[in-house]
Amino acid sequence: MTEPKKYGILMQDKSGKVVQLEKGLTFKEAYSKVWDLRAKRDGNYYRLGNL
Numbered sequence: 001m002t003e004p005k006k007y008g009i010l011m012q013d014k015s016g017k018v019v020q021l022e023k024g025l026t027f028k029e030a031y032s033k034v035w036d037l038r039a040k041r042d043g044n045y046y047r048l049g050n051l
């Protein structure tokens, strides 16, 4: 059984604006990318979205 490819990465900057970075990822791909982005700590907030 494969996971549905419907996860995306949402980025929220300091002004509160939300931008969608990527979509159509598996959960594992999106999760690892979010953690990589969070590790960079560029002042933006990243989270997974069910898209």
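Residue numbering for the sequence shown follows the UniProt record's numbering, beginning at 1 and increasing consecutively.
Virtual Cβ for every residue (Gly too), placed ideally from N, Cα, C.
Let me know the secondary structure DSSP gives residue 17 once reduced to three states. For residue 17, the secondary structure class from DSSP, reduced to helix, strand or coil, is coil.
Identify every residue that forms a DSSP beta bridge with residue 22. 9.
Residue 10 and residue 47 closer than 8 Å at C-beta: Contact: yes.
By the 10 Å Cβ neighbour count, where 16 or more other Cβ atoms means buried, how is residue 58 classified, buried or exposed? Look at the range of the chain in this structure, 1 to 51, and you will see that residue 58 is not part of it.
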